[in-house]
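Colleague:
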Ligand SMILES: [Ca+2]
Ligand SMILES: [Ca+2]
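Numbering (this note's numbering), first residue to last: -9 to 188.
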């Protein structure tokens, strides 16, 4: 029984690594950076740049620094729900102006899933995505996600600044992954990556 469990765990781990790495490497071409005036930013990708939606893909981010927490709302006009659709976040923890390839240097990363689970993660080489080296997400203490057929996702995220040892202003790396089955075969266009200062 124990061996079967170990085998199942290994399969899940390898499958999720494969999926995440594929998705992440493929996302390099959909990178954008932005500079905000207030505490919100909007990013857009044309139908030629992505296959998350048939029309223009939008990601809207608003944020608020609180005494203990950084709170962030991320809206994505994805048109189909999947438990594994997710927003990933990482920060320039050592404040050298770049998100490092090695997550340990900048203090780690995290993914927030559509089914209200989350997990810690790690940046892959290239620095434009996040591969999640985790056995599996667990119920999230830090976000809630809602999905609407007309407007898409709203991820309401709030976590202690101490979790990433961050304070404002700080360079932020945000990735959205649309976990459609077909994204396994065409990973490059099922998501988007943005970097901006919050
Ligand atoms: Ca989706
Ligand atoms: Ca850095």
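Beta carbons are placed, not taken as given, at the ideal position from N, Cα and C, and that holds for glycine.
Is DSSP giving residue 151 helix, strand or coil here?
Modeller: Position 161 of the chain shown holds residue 151. DSSP places residue 151 in helix when its eight states are reduced to three.
Colleague: If you follow the beta strand (DSSP E) that residue 34 is part of, which residue opens it and which one closes it?
Modeller: The residue given as residue 34 occupies position 44 in the chain shown. Residues 30 to 35.
Colleague: So what does residue 21 bridge to, in DSSP terms?
Modeller: On the chain shown, residue 21 is found 31 positions in, with the first residue counted as 1. Bridge partners of residue 21: 183.
Colleague: Should residue 83 be counted as a contact of ligand 2 given a C-beta to heavy atom distance under 7 Å?
Modeller: What you label residue 83 is simply residue 93 of the chain shown in a count that begins at 1. Result yes, Cβ under 7 Å from ligand 2.
Colleague: Can you find at least 3 beta carbon pairs, one from the segment 97 to 104 and one from the segment 27 to 39, that sit closer than 8 Å?
Modeller: With the cut-off at 8 Å, the segment 97 to 104 and the segment 27 to 39 do not touch.
Colleague: Could you tell me if residue 74 is buried or exposed, where buried requires 16 or more neighbouring beta carbons within 10 angstroms of its beta carbon?
Modeller: The count along the chain shown starts at 1 and reaches residue 74 at position 84. It is buried - the Cβ of residue 74 has at least 16 other Cβ atoms within 10 Å.
Colleague: What I want to know is whether the C-beta of residue 91 ends up closer than 7 Å to one or more non-hydrogen atoms of ligand 2.
Modeller: By one-based count along the chain shown, residue 91 stands at place 101. Not so, every heavy atom of ligand 2 lies at least 7 Å from the Cβ.
Colleague: Is the beta carbon of residue 87 closer than 8 Å to that of residue 154?
Modeller: In the chain shown, residue 154 corresponds to position 164, counting from 1. In the chain shown, residue 87 corresponds to position 97, counting from 1. Contact: no.
Colleague: Since residue 129 sits in a beta bridge, which residues does DSSP pair it with?
Modeller: Against the chain shown, residue 129 aligns to sequence position 139. Bridge partners of residue 129: 107.
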